[in-house]
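Notes follow once the structure below has been shown.
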Amino acid sequence: MPPLTSEIINGNIDKAVSSKVYDDFIVKLLNELTSNPNFDPNIEFDPSKHIIFNSETDFDKYKVTTLSDISIEHDEAISNCAFTPAFPLFSEEAIDIMRYELFQEKVFKQYGRAANLTRFKGLDVQIGGYTHLTPFTAKALTHEKTMEVLNKYAGLELQVMMPFELGSINFGIKPYERVEDEKKNKEIYLAKNAKAFDKDADFVRGWHHDSNSFSFILMMSDTKDMIGGETALKTGNGEILKIDNYEKGWASLVQAHCINHIALKPYCSVERITSVTSYRAKDLLHMDPTVITTIKPSIFPRTIYNTFYPEWMDYRLDVMGEKIAWLRRKVAQDRENHRDFNQIEMINYLEDLTTYIRGSWREFEAVDEGHIEQPPLRRYIRNWAHNDRDLSSAIYNFEYEK
28 MPPLTSEIIN GNIDKAVSSK VYDDFIVKLL NELTSNPNFD PNIEFDPSKH
78 IIFNSETDFD KYKVTTLSDI SIEHDEAISN CAFTPAFPLF SEEAIDIMRY
128 ELFQEKVFKQ YGRAANLTRF KGLDVQIGGY THLTPFTAKA LTHEKTMEVL
178 NKYAGLELQV MMPFELGSIN FGIKPYERVE DEKKNKEIYL AKNAKAFDKD
228 ADFVRGWHHD SNSFSFILMM SDTKDMIGGE TALKTGNGEI LKIDNYEKGW
278 ASLVQAHCIN HIALKPYCSV ERITSVTSYR AKDLLHMDPT VITTIKPSIF
328 PRTIYNTFYP EWMDYRLDVM GEKIAWLRRK VAQDRENHRD FNQIEMINYL
378 EDLTTYIRGS WREFEAVDEG HIEQPPLRRY IRNWAHNDRD LSSAIYNFEY
428 EK
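So this is what it looks like as structure tokens:
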């Protein structure tokens, strides 16, 4: 693992997007928006106009696939939802305003970082922690009407992992000259995309499991001429499936912590822009297997050290505090009801809390450097308030490791 360098602590500014990349590619995309006389970037988010998902028909039309359907059993699954197909969510006007906010120079240059998980380094950018500068985007992604759709698909209420992980951007950029060449040789790239799952596959982000439980993937690019650009995933039997048919403003929800997946490189398109929001269970007593394996600053340059880690600790301490408060209430209620104090049950809850506390620092860069021994990754109790097994008579199997 990379050590905790001064570059990482200072926000990976050595990987910041250059003025040339911004001027050569992003300014052109921004001008395409602003040259439209009907485009108004000052419109406020209106769910009645900007959310195009029809709850009465679209849940049946775009059915969820479960983990059971694809033969995946995973001890860290927080529900049985595996993934959804691509489904229509936001209007073109909504996406255009999101793009306008994203393309602003302050956002792109301050928060954009050259990607290191792609085969096309230098022209691929990832952006995180920027949505305090993009009010329309932030409201659209967190609005209760948006969350109603995602919660129903997930099978439980979700919450954004933490502010930094709201609407993170994977931005694959390609020179205009190369795109014109690809369009002239479209048959070659159709064949190449059909073989996109071998070791030489072109990708925006390679095969991986996400650190968080659920990932909400929103397509922000026009896909009419695009070949590729899909999200692909592996089933428990090793079969590879595509979440395809994305259109601009369409989205999918994937329990990506449990499913190995990849974002494929697009052909015949200058860009593939996706917004990815990370979710955990809203119920703080529910199992939370979130890690930072794929998103910590030493691995993912767009993760800004002194913004990410304070937010990470705020979120983890909120969960710890809620569990301690719940346990205090339980002890008091048991005493008032004259129940015998159950030592085994208490050991199970405290061991689970200890596992969560250790899980909050076990992947810190200081651990990677060997300053402290990394504790094992242990199993969690599924839900403190709604246990699916008896915790009162036997010690829970905390020794499980992936």
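FYI, the numbering for the sequence shown is 28 to 429, going by my numbering. Backbone N, C-alpha and C define an ideal beta-carbon position, used for all residues, glycine too. As the structure is a computational prediction, the values presented were derived from the model and not from experiment.
Relative to the C-alpha of residue i, which candidate in the options has its C-alpha closest?
i: Q401; options: I384, R409 and A412; result: I384
i: N39; options: A352, I215 and T334; result: T334
i: A259; options: A290, P68 and G265; result: A290
i: I78; options: Y203, V346, A167 and E349; result: A167
i: V48; options: E298, K275, S419 and Y89; result: E298
i: I53; options: D361, F198, H235 and M314; result: F198
i: T382; options: V346, N69 and N65; result: V346
i: K323; options: M314, D310, P337 and D315; result: P337
i: M174; options: S279, G233 and S95; result: S279
i: T250; options: D315, S325, A113 and G265; result: A113
i: N107; options: P190, S46 and V91; result: V91
i: T84; options: E207, P115 and I200; result: P115
i: I97; options: F368, K201, E71 and Q282; result: Q282
i: L160; options: E171, F191 and K172; result: F191
i: M340; options: S387, H313 and W353; result: S387
i: G276; options: F117, L311, N37 and T93; result: F117
i: P403; options: V206, F425 and L60; result: F425
i: N81; options: N58, K179 and L129; result: K179
i: D315; options: W411, P328 and P64; result: W411
i: L418; options: F86, P293 and M373; result: M373
i: I36; options: E120, E274, E214 and I331; result: I331
i: L183; options: I105, M247 and M246; result: I105
Pull up the DSSP beta-bridge partners for residue i, would you.
i: R140; result: A43 and Q153
i: T93; result: C108
i: H288; result: H235 and L260
i: V303; result: S195 and I244
i: V281; result: F110 and S242
i: Y294; result: I254
i: L268; result: L260
i: H170; result: DSSP, once it has assigned bridges, lists no residue as partnering H170.
i: F130; result: In DSSP, F130 forms no bridge with anything.
i: A308; result: L185
i: H313; result: N410
Give every residue of the same chain whose Cβ lies closer than 8 Å to the Cβ of residue i, excluding the five residues on either side of it in the sequence, and list them in chain order.
i: D252; result: K210, C295 and S296
i: I99; result: A109, T262, G263, C285 and I286
i: Y423; result: N375, E378, D379, R406, I408 and R416
i: I399; result: A393
i: Y306; result: L177, A181, L185, Q186, V187, M188, N239, S240, F241, S242 and F243
i: N272; result: P112 and A113
i: S46; result: K136
Got a sec? Which residues, its chain only, sit under 6 Å from residue i by beta carbon, not counting five neighbours each side?
i: S195; result: G155 and V303
i: K148; result: At K148 the pLDDT is 42, less than 50, meaning the model places this residue with poor confidence; the figure from the coordinates comes in the next sentence. Around K148: no qualifying Cβ.
i: E34; result: D41
i: A141; result: K42
i: A165; result: T158
i: W234; result: N287 and I289
i: M28; result: In this predicted model, M28 has a pLDDT of only 49, less than 50, meaning its place in the structure is not dependable; the value taken from the coordinates is given anyway. Here the set comprises D395.
i: L354; result: Y376
From the DSSP output, in three-state form, read off residue i for me.
i: F425; result: coil
i: N414; result: coil
i: L56; result: helix
i: V394; result: helix
i: F147; result: Any reading at F147 must be qualified, since the residue scores a pLDDT of 49, below 50, and its modelled position is unreliable; the value itself is stated next. F147 falls in the coil class under three-state DSSP.
i: P74; result: helix
i: P403; result: coil
i: Q370; result: helix
i: Q360; result: helix
i: L185; result: strand
i: F335; result: helix
i: I7; result: Coverage of the chain is limited to positions 28 through 429, which leaves residue 7 absent and any answer about it impossible.
i: P328; result: coil
i: I200; result: strand
i: F66; result: coil
i: F117; result: strand
i: D208; result: helix
i: E214; result: helix
i: F80; result: coil
i: I384; result: helix
i: N37; result: coil
i: N365; result: Reading off the sequence, residue 365 comes out as His, not Asn. Residue state, collapsed to three classes: coil.
Cutting at 7 Å between CB atoms, please list the residues of its own chain near residue i, excluding the five before and the five after it.
i: T320; result: S238 and E390
i: P68; result: I124 and Y127
i: E204; result: none
i: S420; result: I371
i: K172; result: P74 and I78
i: A352; result: none
Is there a C-beta anywhere in chain D that falls below 8 Å from the one on residue i?
i: G194; result: Judged by its chain identifiers, the structure shown contains no chain D, having just a single protein chain.
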